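For the sequence shown, my numbering begins at 37 and goes up steadily by one.
In this text, a Cβ means the ideal position worked out from N, Cα and C, and glycines have one as well.
As the structure is a computational prediction, the values presented were derived from the model and not from experiment.
A short write-up of the structure that comes next.
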Amino acid sequence: DCGVLSIPARSEEFRDNIAVTIGIGEALGVPAFNALYGNRVSDVPPQQQDDLAAENLTLAAKAAAAIRGTILVEPVSGPKPYPLRTAHDVVAVLDRVAAPNLGFLCDLFHLANNGDDIDAALDAYAHRIAHVQIADHPGRGEPGTGTLDLERYLTTIEAKGYSGYIGLEYIPTT
37 DCGVLSIPAR
47 SEEFRDNIAV
57 TIGIGEALGV
67 PAFNALYGNR
77 VSDVPPQQQD
87 DLAAENLTLA
97 AKAAAAIRGT
107 ILVEPVSGPK
117 PYPLRTAHDV
127 VAVLDRVAAP
137 NLGFLCDLFH
147 LANNGDDIDA
157 ALDAYAHRIA
167 HVQIADHPGR
177 GEPGTGTLDL
187 ERYLTTIEAK
197 GYSGYIGLEY
207 IPTT
């Protein structure tokens, strides 16, 4: 489902797991939490899903603040009913919720796979990045197996102030 936070029939599932997830993060010293938005569902208007997502992100952000944690929002490729496909889509959600501990999970593979202009996205939103994930494109292989200039993108992200971890989320070819 690419997450459940915007799906009314599964909202309680998301809410019931906030405290558990934050507790696990606190115990492990992991302060960042990926809150996948959820696919569009046919029986609920998009605006209703977006309102619910904002409510759930607000609840998650408040809970994460207790451990100085960050809630991450990610663009995803693949399933077409997933509404957050570009950096702009994610930042619009961050702006709508406006919690200080919400951040952009910049997954360079997903941005490329969705056809987003990565250079323009980094110019506009690098200051909103709270976590980075990489895989090469096409194919989602390890760095050097595709056409993305990952070194240049990561250098740009670092130059714009990001100093956190880089998650490796690729399918190995060796």
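Alpha carbon of Glu110 to alpha carbon of Thr210, nearest angstrom: The residue labelled residue 110 in the question sits at position 74 within the sequence shown. The residue labelled residue 210 in the question sits at position 174 within the sequence shown. Cα-Cα distance, rounded: 28 angstroms.
- prompt: Which one or two residues does DSSP pair with Phe69 in a beta bridge?
  reply: Translated into the one-based positions of the sequence shown, residue 69 becomes position 33. Per DSSP, Ile107.
Minimum Cβ-Cβ distance from Glu62 to chain C less than 7 angstroms: Structure shown: chain C not included; a single protein chain is present.
query: Can you pull the DSSP bridge partners for Leu204?
result: As a first step, residue 204 must be located in the sequence shown, where it is residue number 168. For Leu204, which the question treats as bridged, DSSP gives the partners Ile170.
task: Specify whether the segment 196-205 and the segment 161-170 touch according to this definition: at least 3 beta carbon pairs, one from each stretch, less than 8 angstroms apart.
output: yes
- request: Out of Gly65, Ala99, Gly175, Ala160, state which residue places its alpha-carbon closest to the alpha-carbon of Asp52.
  value: Position 16 of the sequence shown, counted from the first residue, corresponds to residue 52. Among Gly65, Ala99, Gly175, Ala160, the Cα nearest to that of Asp52 is on Ala99.
- prompt: Within 10 angstroms of its Cβ, does Thr57 collect 16 or more other Cβ (buried), or is it exposed?
  reply: On the sequence shown, residue 57 is found 21 positions in, with the first residue counted as 1. Answer is buried; the Cβ neighbour count reaches 16.
query: Roughly how many angstroms separate the alpha carbons of Pro136 and Ile103, rounded to a whole number?
result: Reading the sequence shown from its first residue, position 100 is the one you call residue 136. Reading the sequence shown from its first residue, position 67 is the one you call residue 103. Approximately 14 angstroms between the Cα atoms of the pair.
message: Suppose contacts are defined by Cβ-Cβ distances below 7 angstroms. Is Thr183 in contact with Asp152 by that definition?
response: By 1-based counting over the sequence shown, the position of residue 183 is 147. By 1-based counting over the sequence shown, the position of residue 152 is 116. Not in contact: Thr183 and Asp152 (Cβ atoms no closer than 7 angstroms).
query: Are the beta-carbon atoms of Val133 and Leu93 separated by less than 7 angstroms?
result: Stepping through the sequence shown from its first residue, residue 133 is reached at position 97. Stepping through the sequence shown from its first residue, residue 93 is reached at position 57. Yes.
task: Look at the alpha carbon of Gly105 and the alpha carbon of Asp86, and state the distance between them as a whole number of angstroms.
output: Locating residue 105 in the sequence shown gives position 69, where the first residue counts as 1. Locating residue 86 in the sequence shown gives position 50, where the first residue counts as 1. Computed Cα separation, rounded: 23 angstroms.
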